[in-house]
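In our numbering, the protein residues as written are 25 to 364.
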Amino acid sequence: METNENSNACDSSENAANEAFLVQSFYRFFHLEEERLIEVKRALETKAEQLGVGGLLIIANEGINGTIAGTNNSSSLFINFLLDNSDSSIAALSHSDKLGAWNVKEARSEDFPFRRFKIKRREEIVTSGDETIDARSSSEHLSPEEWDRMISENPDLTLLDTRNWYETEIGKFRGAIDPKLNNFQEFTDFVLKSSPPKDKPVLMYCTGGIRCEKASLQMKSLGYEKVYQLKGGILKYFEKVGRGLYEGDCLVFDKRVAVDPNLKPTGEYVFCPHCGQPGKEKITCDNCQTEAKICHRCSEKPFKSTCSKNCANQLQFKAERAKENRAKENSARTKDSLMA
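Here it is as C-alpha cells:
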C-alpha cells in the first residue's frame, strides 16, 4: 500500500502524548457488484469520520484491503463495525455469494501513522494483472508456529518471498529466495524462469498475507501442488513469534516506514524524497544544508544528495545556469581573441 494523508479527527495531538495508537491491517476477498461497493465505501467513510480513525483502504469488486489507526477504542470500534454483519450498510461484506476469511493484524505506534482516512477504488485489491484469479479460496495457511515447525522439520523445501526488491532489502526470512520483483505482475515470470522444483514443498510469505493469496494460486496453476503460505504474513509472525527465523525489519506503507520484530517503528528509515523507496543514508543537503535521509541509490546520482525534489531541481538549475555562463564566457573570449 502507499503512504497517505489525514482527517480533522485524526489530528489527535492531545491523545498522541498520552497513549499509543492501535494500528490494524486487514483484508478479505469477496465479490460485490459496483452498486453495493459504492454503498460500502460511503458507510466506511462515514464511520471513520465518526470515530476519528485514519488510514488507507483499497476496495474492488474482488475484496477489501487496508490499514487503519486510531485510539484503542476508536480503532477497535471501526474493526468491529467492519466485521459485524448486522449493520445493513455493510452487510454485503458478509453476505457475498462466496467469502474468503477476514485476516486482521495489530500493532501499536506512538505517533499517528496516517494523515487522513482515504478509500481508493481499484480494479484489484492486490494488483496481479490477472483478473481470472479468484482468491476467495487459496492455498493452505500455516500459523506462525506451524511455519517455524515446518521449516525446522523440512530443510529441503523452497522458501519464497513474494514482495518487491525494496522490501526484501530491509529484511526477510533466513534462507528465503528473493525474486527481486519490481511489482507483483512479474511474479509468474519469475516462477517460470527460475523453475523451483515441483516435488518440494513451497512456503511463501509477504507483508500481511494478501499477496500470497494470489501468488499461491498462480503457482498451483503452474503445476505446484505443495504450496503453503504464512497466515497473516510477516506482521502476524512478528505479533505471535517476534524475530524467530526473520532477519531484519519489515517495510510498511505508512508514516512508520518500517517496523521491527516487536512491531515498533524502527525510526531508521524514511521514504526517499526522490524515488519513494525506503532509505537511511544520512546526508547534508547540497543545496540548503539541511540534515536529511535518502536511499543509497539516489545518494549516488547527480543532484540527488538533497533533502527534497525542490532542492534537487534548484541545484540542477544552478548547475545548468553556471554551465551556460561558462559557455558564454568561453564564446566571448574566443570572439575577443579572433578580433585581436
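Here a beta-carbon is modelled for each residue, glycine too, at the ideal position from N, C-alpha and C. Predicted model only: the values in this text are computed from it and were never measured.
For residue j and residue i, believed in contact at Cβ under 8 Å, the rounded distance
i	j	result
Gln48	Lys129	7 Å
Ile83	Val64	7 Å
Leu80	Gly87	Going by Cβ atoms, the distance from Leu80 to Gly87 rounds to 15 Å, so no, they are not a contact pair.
Glu288	Phe138	With the sequence shown as reference, residue 288 is identified as Lys, and Glu is not the correct amino acid for it. With 8 Å as the limit, Lys288 and Phe138 do not qualify as a contact, their Cβ atoms being about 17 Å apart.
Buried or exposed by the 16-neighbour rule on C-beta atoms within 10 Å, applied to residue i
i	result
Ser98	buried
Lys142	buried
His298	buried
Thr192	buried
Lys328	buried
Pro326	exposed
Ser37	Bear in mind that a pLDDT of 40 at Ser37, under 50, signals an unreliable position, so the model cannot answer this.
Phe341	exposed
Ile103	buried
Residue i to residue j span [Cα, whole Å]
i	j	result
Asn207	Ile201	16 Å
Leu222	Thr70	Residue 222 is actually Lys in this sequence, not Leu. Roughly 48 Å between the two C-alpha positions.
Asn96	Ala44	8 Å
Cys319	Thr186	22 Å
Ala125	Ser163	12 Å
Gln338	Lys144	34 Å
Ala239	Phe211	7 Å
Leu106	Leu68	8 Å
Asn42	Glu134	Here the model assigns Asn42 a pLDDT of 44, short of 50, so the residue's position is not dependable, and the following value carries that caveat. Those two C-alpha atoms are separated by around 9 Å.
Gly256	Asp172	14 Å
From the options, residue whose alpha carbon lies closest to that of residue i
i	options	result
Pro225	Gly232, Arg235 and Tyr248	Tyr248
Val77	Leu101, Arg267 and Asn188	Leu101
Glu271	Glu292, Arg198, Gln340 and Gly303	Arg198
Pro285	Gly195, Asn354 and Tyr229	Gly195
Tyr293	Asn311, Asp310, Cys274 and Lys204	Cys274
Thr182	Val251, Gly94 and Gly232	Val251
Pro179	Ser161, Arg140 and Leu227	Leu227
Those residues which DSSP pairs with residue i across a bridge
i	result
Ser49	Thr91 and Lys129
Phe197	Tyr270
Tyr190	Tyr190 is not bridged to any residue.
Glu155	BP columns for Glu155 are empty, so no partner.
Glu305	Ile318
Gln253	His165 and Met228
Leu205	Asn188
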